[in-house]
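See below for the structure under consideration.
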Amino acid sequence: MISVKNISKTYNNKKVLDKIDLEINQGEIVSIVGPSGAGKTTLLNIISTLDKPDVDTLSKVMIDNIDVTNLNDSKLSKFRNTQIGFIFQFHELLPEFSAIENVIIPAIIKGENKESSIKKAMEILDSLGLSRVVNQQPSQLSGGEQQRVAVARALINDPKIIFADEPSGNLDSKSSELLHKLFFDLRKKHNITFVIVTHNKDLSNMTDRKLNLVDGKWA
Ligand code: ADP
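For the sequence shown, my numbering begins at 461 and goes up steadily by one.
Structure (structure tokens):
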């Protein structure tokens, strides 16, 4: 599903990632762990197409058999919008929009009709136990609810992969547990692949594979 070869990244003459290889199967839930500054977010951003690796003829990021390092900006935006879901530490919901409006944004960008997007968003929010809060703004929701709305937004275009960067980093332990369980339920239901950067040991211990990054290399 994901095949990463020979990925390096240099900032200010400092090698932050050093020739990273990685293979991930469809439906796998993989965690990337390691000390702060090890390069985890940089690696996740490169695999998830948000950032580019150093130029190197041997480096490659393949997702679903597509070489994403070779896509131009507009193709890449479309690829992200239709194939990938993102979950960040701070939900990144738009504060002036309601929960359901936030959830339908990627569907509207994709070109879906508004009514069918709302219907689908309602179903997803309902399945995540959020039907009561669909019309509330993010500031009126608890941290756990905000993050589940962000998950609903990540799901609206039926992604094959979800990338998450410290998804429970800002949540209390009960909300974290609920969120972690949700990832595994989603894998079971939709065979979604998850790549998760996390410091949360409960989460990394649940994942199929725990990959330890230290100083830009697999440890
Ligand atoms: P981690 O996620 O493991 O904490 P990061 O990938 O965020 O590590 O960062 C790895 C290293 O790269 C750090 O030393 C960080 O300061 C540096 N770094 C990350 N992004 C940038 C950037 N945009 N410009 C310069 N240095 C960066």
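From the three backbone atoms N, C-alpha and C, an ideal C-beta is built for every residue, glycine too. Owing to the predicted nature of the structure, the values given are computational and were not obtained by experimental measurement.
- With 16 or more neighbouring CB atoms inside 10 Å of its own CB, GLN607 falls in the buried class.
- Nearest to ASN505 by alpha-carbon distance, out of ASN472, ARG540, ASP618, is ARG540.
- Note that the C-beta distance between LYS520 and ASP514 is not below 8 angstroms.
- Excluding sequence positions up to five before and after ILE622, its CB lies within less than 6 angstroms of the CB of GLY545, ALA614, ILE652, PHE654, all in the same chain and listed in chain order.
- The alpha carbon of PHE643 has as its nearest neighbour, out of VAL611, LYS580, THR658, the alpha carbon of VAL611.
- Per the coordinates, the alpha-carbon of LYS512 lies some 36 angstroms from the alpha-carbon of LEU590.
- Counting along the chain, ASN672 sits inside the beta strand (DSSP E) bounded by residues 669 to 674.
- Of the residues ASN530, ARG647, PRO627, the one whose Cα lies closest to the Cα of ASN485 is ARG647.
- Assignment of PHE546 by DSSP, reduced to helix, strand and coil, places it in the strand class.
- Proximity of the beta carbon of ALA679 to the ligand ADP is not indicated: no heavy atom of the ligand is located closer than 7 angstroms.
- For LEU482, the enclosing beta strand (DSSP E) begins and ends at 474 to 484.
- If you ignore the 5 residues before and after SER577, its C-beta comes within less than 8 angstroms of the C-beta of ILE564, ALA567, ILE568, ILE616, all in its own chain and listed in chain order.
- If you compare the alpha carbons of ASP662, VAL609, VAL464 with that of SER587, the shortest gap goes to VAL609.
- Residues LEU673, VAL674 of the same chain have their beta carbon placed closer than 6 angstroms to that of ALA498, with the five preceding and five following residues left out of the count.
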